[in-house]
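Some notes on the structure that comes next.
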Amino acid sequence: MSALVFPVGHYGGVRDDQTQVIRVGWKQHRIDEKAFGVWVMAHGLPEVGKGQWTVQDVVEQSEKAGVEDAASQVGALADLGLLAVVADNPIMATRFAQGHRMDVLFVGLGNAPDRLDGHAVGIPGLGTAAVLDPDCYELWQWGSVAPTVWHSCEVRATVTAKLGQEASPVDALAEILGDLRFLIAHGCAYLDVAG
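What follows is the structure in structure tokens.
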């Protein structure tokens, strides 16, 4: 299996010189159109849901969209800190979670009328961007308060243990990464560096 990939940073728009600006922490990165296309593809496709989105998926989808040399773009973006490439092992996933934080986009719109166990988020008057299940909504609602993604894992493990199910933060991490994938692919959240 290929390594998981997550985009890092908040999109800041296009500048007069046609470079795209992405803010990570206090730094603004200016990248060209090809790199930007790969960064956008790293967000994943909404139909993937909470499934894994890998480097291989990003390269394949970028090449389908006409981006040449997508694999080298992935490497360059990772070197800049605009992509987090997470090896498929608990140690690397934990380091990723400890080094990144999540912030939210959109606002809560209440329960979805057609799915009362779902929570709609979007823009009032414009519509729903996504309907979140309870776990995903909990991360969306509280994740930006946590200083790191790892703190969200610790909280979820604690809550799960209080409900009588044994869980460690590492166990919760796999679920959190799935929720995070869903939120990012639907444009409801973004990742930034911690601290």
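This note's numbering numbers the first residue of the sequence shown as -9 and each following residue consecutively. Note that the Cβ used here is the ideal one computed from N, Cα and C, for glycine as well.
Pairing Val64 with Gly39, the inter-Cα distance amounts to about 22 Å. By alpha-carbon distance to Gly56, the top candidate from Ile113, Gly98, Met31 is Met31. Fully enclosed beta strand (DSSP E) runs of no fewer than 3 residues occupy 73 to 76, 90 to 94, 97 to 102, 105 to 113 of the stretch 72 to 115, in order along the chain. Residue pairing by DSSP places Ala55 opposite no residue, since no beta bridge is assigned to it. A straight-line Cα-Cα distance of about 31 Å links Phe96 and Lys152. Considering only Ala175, Gly100, Ala87, the residue with the shortest C-alpha distance to Cys143 is Ala87. Contact between Leu99 and Ala110 holds, with the beta-carbon distance rounding to 4 Å and staying under 8 Å. The beta-carbon distance between Asp93 and Tyr180, rounded to whole angstroms, is 6 Å. This is short enough to meet the 8 Å contact definition. For Arg146, the uninterrupted alpha helix (DSSP H) segment begins and ends at 139 to 152. The Cβ-Cβ distance between Asp125 and Asp161 does not fall below 8 Å. For Ala68, same chain residues with a beta-carbon under 6 Å away, outside a window of 5 residues either side, are Val75 in chain order. Straight across, the Cα-Cα distance linking Cys178 with Ser(-8) is about 25 Å. For Ile21, DSSP records a beta bridge to Gln10. Per DSSP, reduced to three states, the secondary structure at Val30 is helical.
Between His90 and Val14, the C-beta spacing is not below 8 Å. For Val183, the uninterrupted beta strand (DSSP E) segment begins and ends at 179 to 183.
With contacts defined by Cβ atoms closer than 8 Å, Gly34 and Ala120 do not form a contacting pair. An exposed status is given to Thr148, since fewer than 16 other beta-carbon atoms sit within 10 Å of its beta-carbon. Checking the DSSP bridge columns, you'll see Pro(-3) partnered with Leu73.
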